[in-house]
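So the sequence lines, in the order shown, correspond to chains A and B. Per full-length UniProt numbering, the very first residue in the first sequence carries number 1; after that it's consecutive. Per full-length UniProt numbering, the very first residue in the second sequence carries number 1; after that it's consecutive. Right, one structure below, let's go through it.
There are 2 protein chains.
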Amino acid sequence: MARLTRPGELLPQERQREILQRLRSRGRVVAAELAAELVASEDSIRRDLRELAAQGLCKRVYGGALPLSAAVAPLKQRRGEQVGRKLALARKAVSLVRPGQVLLIDAGSTNAAIAATLPERMGLTVVTNAPDIALALIEREGFEILLLGGRIDPRIGGAVGAQPLQELQRVRADLCFPGACAIDAGTGLWGFDSEESLLKRAMVEASGETVVVATSDKLGTVATHRIAPIEEVQHLVLEHAVGRQARAAFSARGVSVHRAEPAAD
Amino acid sequence: MARLTRPGELLPQERQREILQRLRSRGRVVAAELAAELVASEDSIRRDLRELAAQGLCKRVYGGALPLSAAVAPLKQRRGEQVGRKLALARKAVSLVRPGQVLLIDAGSTNAAIAATLPERMGLTVVTNAPDIALALIEREGFEILLLGGRIDPRIGGAVGAQPLQELQRVRADLCFPGACAIDAGTGLWGFDSEESLLKRAMVEASGETVVVATSDKLGTVATHRIAPIEEVQHLVLEHAVGRQARAAFSARGVSVHRAEPAAD
DNA sequence: CGCATTCATGCGTGTTTGTGTACGTTTTTG
DNA sequence: CAAAAACGTACACAAACACGCATGAATGCG
């Protein structure tokens, strides 16, 4: 008794696609919930999960399924073996995002990982100066994307200079993710390039809160161009391996320190 | 029993276009529904879907079809016939570019192929509203890239609206490549979307010369929004298969017609 | 004008695919 | 350790499918 294309129901493949989306956005799926929300028997759902697991797209567990740790990392992020670490950081960073917020995302590979990890259909607005981030979001769904234009610096991978600065004046964001820069508990946030730092400063100013996501090598160092004092940084996402002392130094300055899960692939 | 041009019914190509449109707007199509709403047998609909899938325009699934925007592995399916054709067009289009010029490249898959075909180290400056085009050029070398910012329309794959329009005021280009639109020897250049057409118009105005690169289905048709009269189009790049009559019609209007090499698949 | 060609279509064929049911097994829970 | 929940396998059925063929309309050529 197979009533397949009943109006209002989902196509088999469509159902599987939806399951994958939920996996990405919520981190898990429950067979019984899926059966209820997508209209299908639990048997069909189980078949789907089995099939997806066989394709290596998720991990089958009792009661439902979980995303595979390195599930959605096809081939665009081959910037070294950092991928696992950056993904772990990105997951933690994304947990700070709430529905409906406006995010200001700077260029950079870590931030690209964050953008790729953002949940769909949360009503998020993303403002960015990086074409790769914009492109990644275009290919997904449910994002309002605002691109900052200007001359593109190929080393940075995004627009810099007066124009994006000017466009930023018209933007007000909830959360800001300035890209790779140095951070120090005493002196605050620093950048390596003059133009770049100017833009990051403007980003921080245009946002309610600032989230710094830092790989270990960015810690405690100071660069040449000042971006912001430590008081303007509300959140700091660090790798699992960072010691307690370093974390405490930031906490003492009023920064919420978030620790990523160990990058277990 | 083929009643082909029956008034009120849809031509095969019209039907396929409609299917693609529904695919974009609703995210899925069901074969049975299509057969009912467009007036055709399910066989014909299935044939359409198979054909569209073969061209890489959708993903065929049991019961209907899905857009491949959220598809898992888009890379391996970029081998459809469209790619060969677009590459042949792109090669011809690029031959019109001279060293040191400033190019204005609109969003669209054909234009992306053009950008990918541009020679490096020719001192070219590229102005574009499409993140994918900007990204492709970043990863190569020897290009000056200027990104037009603004709200991004995911269907178009680039910035549209008032902001890129305004930024265009400050740009003067040598050559302009407005993206996919309809062209007719008598009435000129037409677009399908209001906002989009406005931007294309501004692009044409900001450039010394305009190059229209058209796949065969764009020929002789007229859409709803006027972009420019035929006098403002200096070059037209057509596929090899386009007949002599059609080419002559444009030549007579003062358009330089360039014929792409046959697409060697 | 007559003929061959091309093309979209509908129908009949057999095949593939998804689904529900039945029944035995495994895992979790109290 | 026993009950319940979740699971997997086997089977039957119908929907959806691909393929081949004949039909009828438009087109091109002698």
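Yeah, the Cβ is synthetic: ideal placement off N, Cα and C, and Gly gets one too.
Neighbour flag for residue i against chain B, beta carbons, 8 Å
i              : result
A214 (chain A) : no
P154 (chain A) : yes
Q13 (chain A)  : yes
E167 (chain A) : yes
G149 (chain A) : yes
L104 (chain A) : no
G100 (chain A) : no
G27 (chain A)  : no
L135 (chain A) : yes
I230 (chain A) : no
I138 (chain A) : yes
R17 (chain A)  : yes
From the options, residue whose alpha carbon lies closest to that of residue i
i                     : options                           : result
L89 (chain B)         : B:E239, B:V233 and B:N129         : B:E239
T110 (chain A)        : A:E120, A:D132, A:V97 and A:P119  : A:D132
F250 (chain A)        : A:R226, A:G220 and A:A228         : A:G220
L199 (chain B)        : B:A162, B:R60 and B:P99           : B:A162
R253 (chain B)        : B:V30, B:G191, B:D184 and B:P262  : B:D184
G108 (chain B)        : B:L236, B:V233 and B:V212         : B:V212
R121 (chain A)        : A:G142, A:A130 and A:A113         : A:G142
E9 (chain A)          : A:Q16, A:L38 and A:T215           : A:L38
R226 (chain A)        : A:T210, A:C181 and A:G243         : A:C181
M203 (chain A)        : A:Q169, A:V97, A:T224 and A:A134  : A:Q169
A206 (chain A)        : A:S194, A:A173, A:Q21 and A:Q234  : A:A173
A112 (chain B)        : B:L96, B:G63, B:F177 and B:V257   : B:F177
D193 (chain B)        : B:I19, B:V160, B:L34 and B:G243   : B:V160
D153 (chain B)        : B:V233, B:E42, B:E196 and B:R140  : B:E196
G243 (chain B)        : B:Q234, B:E232 and B:H258         : B:H258
L103 (chain A)        : A:A35, A:G179 and A:Q21           : A:G179
Q16 (chain A)         : A:G27, A:R140 and A:R50           : A:R50
I105 (chain A)        : A:Q245, A:T210 and A:V222         : A:T210
E232 (chain B)        : B:A223, B:R247, B:W190 and B:A248 : B:W190
residue 316 (chain B) : B:A223, B:R201, B:V255 and B:T224 : Residue 316 (chain B) lies beyond the range of chain B shown here (1 to 265); nothing can be said about it.
Residue i - partner residues in DSSP beta bridges
i              : result
Q124 (chain B) : In the sequence as presented, Gln is not what sits at residue 124 (chain B); that position holds Leu. Its beta-bridge partners are B:F143.
S182 (chain A) : Note that residue 182 (chain A) is Ala in the sequence shown here, rather than Ser. Partner(s): A:W190.
A65 (chain B)  : B:V29 and B:R60
F177 (chain B) : B:I105
T210 (chain A) : A:C176
G150 (chain B) : A:L147
S256 (chain A) : A:H235
E225 (chain A) : The amino acid occupying residue 225 (chain A) in the given sequence is His; Glu does not appear at that position. Paired residues: A:G191.
G158 (chain A) : A:D153
L219 (chain A) : A:I183
Contact set for residue i: own chain, Cβ-Cβ below 8 Å, skip 5 residues either direction
i              : result
R155 (chain B) : R24
E261 (chain B) : A88, R91, K92 and H240
L146 (chain A) : T125, V126, V127, T128 and V171
V30 (chain B)  : G63 and G64
A35 (chain A)  : S41, E42, S44 and I45
R151 (chain B) : A159, V160, G161 and Q163
Cutoff 8 Å: residue i Cβ touching any chain A Cβ
i              : result
G63 (chain B)  : yes
P131 (chain B) : yes
I145 (chain B) : yes
G56 (chain B)  : no
G84 (chain B)  : no
G161 (chain B) : no
G157 (chain B) : yes
C30 (chain B)  : Per the sequence shown, the amino acid found at residue 30 (chain B) is Val instead of Cys. At least one chain A Cβ lies under 8 Å of V30 (chain B).
L23 (chain B)  : no
L52 (chain B)  : no
L66 (chain B)  : yes
Own chain partners of residue i with C-beta closer than 7 Å, once the 5 adjacent residues on each side are dropped
i              : result
E167 (chain B) : L148 and G149
G80 (chain B)  : Note that G80 (chain B) has pLDDT 40, beneath the 50 cutoff, so the model's placement of it is unreliable and no number is given.
P229 (chain B) : G188
A134 (chain A) : T128, I145 and L147
K218 (chain B) : A180, C181, A182 and I183
G123 (chain A) : P99 and G100
Same chain, Cβ closer than 6 Å to residue i, neighbours up to 5 away in sequence not counted
i              : result
K59 (chain A)  : L66 and L68
A136 (chain B) : A115 and A116
L11 (chain B)  : none
G158 (chain A) : A107, N129 and A130
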